[in-house]
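Quick note on this note's numbering: the sequence shown kicks off at 8 and runs consecutively. Where is the CB? At the ideal position from N, CA and C, for every residue including glycine. Worksheet: the structure to be examined is printed underneath.
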Amino acid sequence: LVRYEALAGGGYQAALNGESFAALQRHWAVEMECFASPLNSRFERFCSAFPDTDVWFGSCGSFFDFHPTNGSFEANPPFVPSVVSAMTGHMEGLLDAATDRGDSLSFVIVIPTWAHTDGWKALNEGRFLRHHLVLRQQEHSYCEGAQHKRWKQAHRMSSCDTSVFWWQTDAAAEQWPVTSMGLHDLRAAFASTLSADQRARCRLPTPVVEPKDAARLTGTKRAKVTSAEDAHPPLKKGKKEKTESRDRRKRKVTKEADERNVSKERRALRKQRKEEKRAKR
Numbered sequence: 008l009v010r011y012e013a014l015a016g017g018g019y020q021a022a023l024n025g026e027s028f029a030a031l032q033r034h035w036a037v038e039m040e041c042f043a044s045p046l047n048s049r050f051e052r053f054c055s056a057f058p059d060t061d062v063w064f065g066s067c068g069s070f071f072d073f074h075p076t077n078g079s080f081e082a083n084p085p086f087v088p089s090v091v092s093a094m095t096g097h098m099e100g101l102l103d104a105a106t107d108r109g110d111s112l113s114f115v116i117v118i119p120t121w122a123h124t125d126g127w128k129a130l131n132e133g134r135f136l137r138h139h140l141v142l143r144q145q146e147h148s149y150c151e152g153a154q155h156k157r158w159k160q161a162h163r164m165s166s167c168d169t170s171v172f173w174w175q176t177d178a179a180a181e182q183w184p185v186t187s188m189g190l191h192d193l194r195a196a197f198a199s200t201l202s203a204d205q206r207a208r209c210r211l212p213t214p215v216v217e218p219k220d221a222a223r224l225t226g227t228k229r230a231k232v233t234s235a236e237d238a239h240p241p242l243k244k245g246k247k248e249k250t251e252s253r254d255r256r257k258r259k260v261t262k263e264a265d266e267r268n269v270s271k272e273r274r275a276l277r278k279q280r281k282e283e284k285r286a287k288r
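Printed below as a string of structure tokens:
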């Protein structure tokens with residue numbers, strides 16, 4: 008804990024929420040994080056900065072000493088331009104080698120949309136780029152890196168726009184393609200921790216729940232989905248009307264629950280401020 012505190016606190020350990028990781032695993036078979044710690048790791052295996060202590064929690068060591076030959080990985084590095092540039096160079100070497108072997112190697116990279124930095128430019132212009140998704144600042148949040156100390160605030164709103172890059176070999180692009188359904192699901196997952204009012208103001212999509220598809224995670228080639236209608240055929244009229252009515256009731260209940268939670272948080276915050284003022288006196 009002291010080591011990670013010395014790096015700059017919770018901001019350096021902020022991570023994607025659970026719904027986002029689930030979407031990445033569902034659509035692109037992501038199985039490991041390239042930059043994580045015991046404080047925020049999602050999967051059993053991950054790369055981290057301090058292997059001597061983190062190995063007991065599942066760390067495989069530094070990403071820069073990690074040389075996978077195939078597989079699908081998520082990379083959310085510290086938001087430091089020099090680290091992003093070094094990561095980009097390491098990934099290029101790994102993807103070059105995988106391409107020569109004909110292996111499937113894929114990286115989903117999540118960094119701030121800092122278009123002026125060399126690392127962002129290299130990712131956006133790289134020859135392995137398959138897709139670039141931009142999430143606006145008000146449309147998503149991250150898991151709080153210091154949640155072990157700030158347990159009442161599990162998530163923090165993003166401080167800037169976020170870029171999500173897909174870097175893949177040809178074999179990986181065919182095995183785990185970037186589809187409109189996957190992008191829709193991932194965007195909704197990033198926004199899942201926002202309140203109903205925040206989602207409504209931003210006109211964000213609702214999460215799409217797809218049927219379980221074991222082949223998607225075992226590497227079998229899947230059919231490309233171009234729209235939600237392709238993945239889910241239209242319901243009959245009577246069933247559709249019943250479904251829409253049920254969905255409206257669910258949204259109403261969710262909105263009321265969100266409003267109650269917001270009221271509780273405001274009351275708790277006012278109480279905390281009063282106590283702090285009393286303590287100062």
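- Distance from SER170 to HIS139 at the Cβ level is roughly 6 Å; contact confirmed, criterion being Cβ atoms closer than 8 Å.
- Taking a 10 Å sphere around the C-beta of CYS167, we find fewer than 16 other C-beta atoms and assign the residue as exposed.
- Between the alpha carbons of VAL87 and LYS287 lies a distance of about 37 Å.
- By the criterion of a C-beta distance shorter than 6 Å, ARG49 is surrounded in its chain by PHE28, once the five residues flanking it on both sides are discounted.
- DSSP lists ILE116 as the beta-bridge partner residues of ALA82.
- SER66 is bridged by DSSP to PHE53.
- Under the Cβ criterion (8 Å, minimum of three pairs), the region 53-66 counts as touching the region 37-45.
- For THR169, the enclosing beta strand (DSSP E) begins and ends at 169-175.
- Around the beta carbon of GLY126, 16 or more other beta carbons sit within 10 angstroms, so the residue counts as buried.
- The Cβ neighbour count for ASN83, taken over all protein chains shown within 10 Å, is at least 16; the residue is labelled buried.
- Taking the Cα positions, PHE135 is about 14 Å away from SER79.
- In the structure shown, the three-state DSSP call for LEU140 is strand.
- In this structure HIS74 is exposed. Its beta-carbon is surrounded by fewer than 16 other beta-carbon atoms within 10 angstroms.
- Taking each of ASP107, VAL141, THR186 in turn and checking the Cα distance to PHE197, the smallest one comes out for VAL141.
- Linking LEU193 to ARG285 through their CA atoms gives a straight-line distance of about 45 Å.
- For PHE172, the closest of LYS128, GLN144, VAL115 by C-alpha to C-alpha distance is VAL115.
- Relative to VAL90, the option among LEU102, GLY65, VAL117 whose CA is nearest is VAL117.
- With contacts defined as CB atoms closer than 8 Å, ASP107 and ASN77 fail to qualify as a contacting pair.
- Considering only ALA30, GLU99, ARG273, ALA195, the residue with the shortest C-alpha distance to GLN145 is ALA195.
- C-alpha of LYS278 to C-alpha of ALA264: approximately 21 Å in a straight line.
- Residue SER113 holds the alpha-carbon nearest to the alpha-carbon of GLN32 among SER113, LEU130, ARG280, ASN268.
- Taking all protein chains in view, the Cβ of ASP61 is crowded by 16 or more other Cβ atoms within 10 Å, so the residue is classified as buried.
- About 5 Å separates the CB atoms of ALA129 and THR95; that is less than 8 Å, so the two are in contact.
- With contacts defined as CB atoms closer than 8 Å, MET98 and TRP35 fail to qualify as a contacting pair.
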